[in-house]
Amino acid sequence: PYNAKGLLTSAVESNDPVIFFEPKRCYRGPFYGDPHNVPTWEGHPEAEVPESHYTVPLGEARLAMEGDECTVIAWGTMVHVSEQAIRDSGISCDLIDLQTLVPWDREAIVESIEKTGRCVIVHEAPKTSGFGAEMVASIQERCFYRLESPIQRVTGWDTPFPHTTEWDYMPGPARIAAAIHRTQED
1 PYNAKGLLTS AVESNDPVIF FEPKRCYRGP FYGDPHNVPT WEGHPEAEVP
51 ESHYTVPLGE ARLAMEGDEC TVIAWGTMVH VSEQAIRDSG ISCDLIDLQT
101 LVPWDREAIV ESIEKTGRCV IVHEAPKTSG FGAEMVASIQ ERCFYRLESP
151 IQRVTGWDTP FPHTTEWDYM PGPARIAAAI HRTQED
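In the UniProt record's numbering, the protein residues as written are 1 to 186.
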């Protein structure tokens with residue numbers, strides 16, 4: 001909620017056109033990938049939203065978790081699912097909440113990958129033509145010699161899906177944790 005208000009305020013005040021996507025799954029609480037257990041925002045560190053005016057800069061990523069063995073990049077609902085996956089994996093990861101896709105914070109990502117040498121990109125869209133593919137291309141151009149393993153992408157499946165099977169379609173903590181572990185293989 002804190003970032004949502006700040007980003008929306010920045011979007012309203014921007015002189016550029018802005019499209020604002022709201023991850024509906026996060027309305028009731030942070031979503032960690034279990035459809036049967038969605039906690040409320042009450043007591044969550046991101047739940048405190050000041051009544052006063054503030055903004056969250058467009059184009060600046062947020063470091064949601066700090067680690068040194070892998071960089072996990074996500075946005076929207078997948079940030080919270082990735083948090084759970086990182087805890088489940090037992091591997092020390094930077095978790096970068098991209099927050100905005102255009103512009104996106106390439107410098108924060110490069111800095112993190114130079115530290116960790118490994119990268120996992122997580123998003124809800126299909127793998128083919130998803131925004132993660134653009135990120136992979138940019139990361140390869142800027143970090144090729146720093147990468148210690150292939151970049152992993154955890155995405156929705158390349159298939160249409162009915163709403164009733166949405167939970168099977170979306171990346172969950174187990175798929176993300178498995179990708180994190182793959183980056184650690186020699």
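Every residue gets a Cβ at the ideal spot worked out from N, C-alpha and C, and that includes glycine.
Values in this document were obtained by computation on a predicted structure and should not be read as measured data.
Bounding residues of the beta strand (DSSP E) (the contiguous stretch that carries P173): Taken as a continuous stretch (DSSP letters only), P173 belongs to no beta strand (DSSP E), being part of the alpha helix (DSSP H) at 173-183.
Enclosing beta strand (DSSP E) for M65 [first to last residue]: Segment 62-65, the beta strand (DSSP E) holding M65.
Completely contained beta strand (DSSP E) runs for the stretch 45-108, where each covers 3 or more residues: The qualifying runs are 62-65, 70-74, 93-97.
Proximity below 7 Å, CB of L58 to CB of S10: Against a cut-off of 7 Å, the Cβ pair of S10 and L58 comes out as a contact.
G43 - DSSP class collapsed to helix/strand/coil: It is coil, neither helix nor strand.
Cβ-Cβ distance between D97 and S112 below 7 Å: Not in contact: D97 and S112 (Cβ atoms no closer than 7 Å).
DSSP state of V154 mapped onto helix, strand, coil: Residue state, collapsed to three classes: strand.
Cβ-Cβ distance between H80 and Y32 below 7 Å: In this structure, H80 sits near Y32, with a CB-CB distance shorter than 7 Å.
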